[in-house]
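Visitor: Numbering (our numbering), first residue to last: 8 to 111.
Heads up, the beta-carbon is just placed ideally off N, CA and C, and yes, glycines get one too.
In this text the structure is predicted, and so the values were computed from the model without any measurement.
I am attaching a structure below and will ask some questions about it afterwards.
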Amino acid sequence: GGDSPILVLRCGHAFTVETLDGITELPKFYESSLDGEWTAPTRLSEMMSIESNVPRCMTCAEPIDGIRRYGRPMKASRIFVIQRKWQVWVNIRSAELSQDISEV
Numbered sequence: 008g009g010d011s012p013i014l015v016l017r018c019g020h021a022f023t024v025e026t027l028d029g030i031t032e033l034p035k036f037y038e039s040s041l042d043g044e045w046t047a048p049t050r051l052s053e054m055m056s057i058e059s060n061v062p063r064c065m066t067c068a069e070p071i072d073g074i075r076r077y078g079r080p081m082k083a084s085r086i087f088v089i090q091r092k093w094q095v096w097v098n099i100r101s102a103e104l105s106q107d108i109s110e111v
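This is the structure we're talking about:
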């Protein structure tokens with residue numbers, strides 16, 4: 008709304024809190040009451056199932072870093088990227104081992 012605080016990202020671009028909350032999908036990372044107030048962080052086990060790309064500035068695509076409010080979405084997105092890389096590595100290695108075994 009009109010009273011929404013403006014946050015300036017490290018890249019220098021400024022957005023309202025509501026805009027950045029949407030970009031970072033912040034509501035996925037906190038449980039809330041019926042009136043929309045946050046009541047608790049989402050459990051870590053539930054966060055791990057959230058597919059999340061690194062939230063980025065809509066103007067220049069720099070990661071939204073350095074704002075404590077968005078720490079959970081940023082960390083979750085990094086964990087998700089690491090998990091994807093690990094899965095790719097495991098799949099490649101598994102295929103290599105299967106190939107090695109079939110050659111024996």
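Specify the secondary structure class of VAL111 as computed by DSSP and reduced to three states.
Guide: Residue state for VAL111 is assigned as coil, using DSSP reduced to three classes.
Visitor: Quick one: is LEU104 buried, meaning 16 or more other Cβ sit within 10 Å of its Cβ, or exposed?
Guide: exposed
Visitor: By DSSP, does THR26 sit in helix, in strand, or in coil?
Guide: helix
Visitor: For the beta strand (DSSP E) containing GLU38, name the first residue and the last one.
Guide: 37 to 39
Visitor: How is the beta strand (DSSP E) around VAL15 delimited, first residue to last?
Guide: 13 to 15
Visitor: Under the DSSP definition of a beta bridge, which residues are partnered with TRP45?
Guide: SER39
Visitor: Once you ignore the five residues that flank ILE99 on each side, which residues in its own chain have a CB closer than 7 Å to its CB?
Guide: none
Visitor: Can you find the residues in the same chain that come closer than 7 Å, C-beta to C-beta, to MET65, ignoring five residues on each side of it along the sequence?
Guide: ILE30
Visitor: Nearest to ASN60 by CA position, among GLU53, VAL88 and LEU33, is which residue?
Guide: VAL88
Visitor: My guess is that ASP72 and ARG17 are in contact by the Cβ rule of under 8 Å, so how many angstroms apart are they, rounded?
Guide: 6 Å
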